[in-house]
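Asker: Residue numbers (the working numbering), protein chains in the order written: chain U, 1 to 114; chain A, 1001 to 1115.
C-beta: ideal position from N, C-alpha, C; glycine also.
Here you go:
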């Protein structure tokens, strides 16, 4: 079945440590890929997106993600986490590459300890 | 960047009443808008696709008579939860796009509580 999987429901990292959030998808073609962040009770903020081209994508707030076709993955990384990065992170796929109709992963809650 | 505004941000209504949520694109014309629902500690589930001037397309399992969607102009789509019940309590988020093959922009969401 077509799906988006974020294997880690909750991750805790120390402030200043590196971070990697995993995302795998199961769609035949290469879909558009997105990472969003959501603070409690808030809407979604786009961190970065992959549409085509360079497989290493730079985003806002120091985040980057790498698209690996062979692994059907789009993992989010940050070299040094700040306390303000604590939030819910969603990987999303646009399977039709038409812009907008997104399928979301179940989310990864990030906690940052001092 | 493109701005999408939802109103209200929070609403409490009595069981059996209807409540309308607005989604506006403030600085662009949105040919298509999307409505999502998010349960606590859960992911976002697409409810329906709203195209300006035509009927909305609902995802499987979404009651179209319960969740009425109207996209009367290029800047406004509304979601009306009819005869609301406590199980309709949720966080509803809209997104809007300009043309195909571009990303969609999200509103800030509406927290609906039915008491």
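From the DSSP secondary-structure annotation, give me the bridge partner or partners of residue 1021 of chain A.
Answerer: Taking the first residue of the second chain as 1, we reach residue 1021 of chain A at position 21. Paired residue(s): A:1079.
Asker: Are the region 1029 to 1047 of chain A and the region 90 to 101 of chain U in contact at 8 Å, needing three or more beta carbon pairs?
Answerer: Short answer: they touch.
Asker: Using 7 Å as the threshold, is the C-beta distance between residue 94 of chain U and residue 25 of chain U below it?
Answerer: Locating residue 94 of chain U in the first chain gives position 94, where the first residue counts as 1. Locating residue 25 of chain U in the first chain gives position 25, where the first residue counts as 1. In this structure, residue 25 of chain U does not lie closer than 7 Å to residue 94 of chain U by Cβ.
Asker: Alpha carbon to alpha carbon, how far is residue 92 of chain U from residue 5 of chain U? Give it in angstroms, no decimals.
Answerer: On the first chain, residue 5 of chain U is found 5 positions in, with the first residue counted as 1. On the first chain, residue 92 of chain U is found 92 positions in, with the first residue counted as 1. Rounded to whole angstroms, residue 5 of chain U to residue 92 of chain U spans 9 Å at the Cα level.
Asker: At a Cβ threshold of 7 Å, is residue 1093 of chain A touching chain U?
Answerer: Here residue 1093 of chain A corresponds to residue number 93 of the second chain, with the count starting at 1. Taking Cβ atoms only, chain U reaches closer than 7 Å to residue 1093 of chain A, which makes this a yes.
Asker: For residue 1060 of chain A, go through chain U and note every residue whose CB falls closer than 9 Å to its CB, in chain order.
Answerer: Translated into the one-based positions of the second chain, residue 1060 of chain A becomes position 60. Chain U residues near residue 1060 of chain A: none, gap ~13 Å exceeds 9 Å.
Asker: Out of A:1105, A:1006, A:1047, A:1075, which has the shortest C-alpha to C-alpha gap to residue 1053 of chain A?
Answerer: The residue labelled residue 1053 of chain A in the question sits at position 53 within the second chain. The option with the nearest alpha carbon to residue 1053 of chain A is A:1075.
Asker: Using a Cβ cut-off of 9 Å, which residues of the region 98 to 112 of chain U contact any Cβ in chain A, in chain order?
Answerer: If the cut-off is 9 Å between Cβ atoms, the region 98 to 112 of chain U has 98, 99, 100, 101, 102, 103, 104, 105, 106, 107, 109 near chain A.
Asker: Taking residue 70 of chain U as the reference, give the member of U:21, U:30, U:86 with the closest Cα.
Answerer: If you number the first chain from 1, residue 70 of chain U lands on position 70. That would be U:30, whose Cα lies nearest to the Cα of residue 70 of chain U.
Asker: Within the continuous beta strand (DSSP E) that includes residue 1049 of chain A, where are the two ends?
Answerer: Along the second chain, one-based indexing puts residue 1049 of chain A at 49. Segment 1044 to 1051, the beta strand (DSSP E) holding residue 1049 of chain A.
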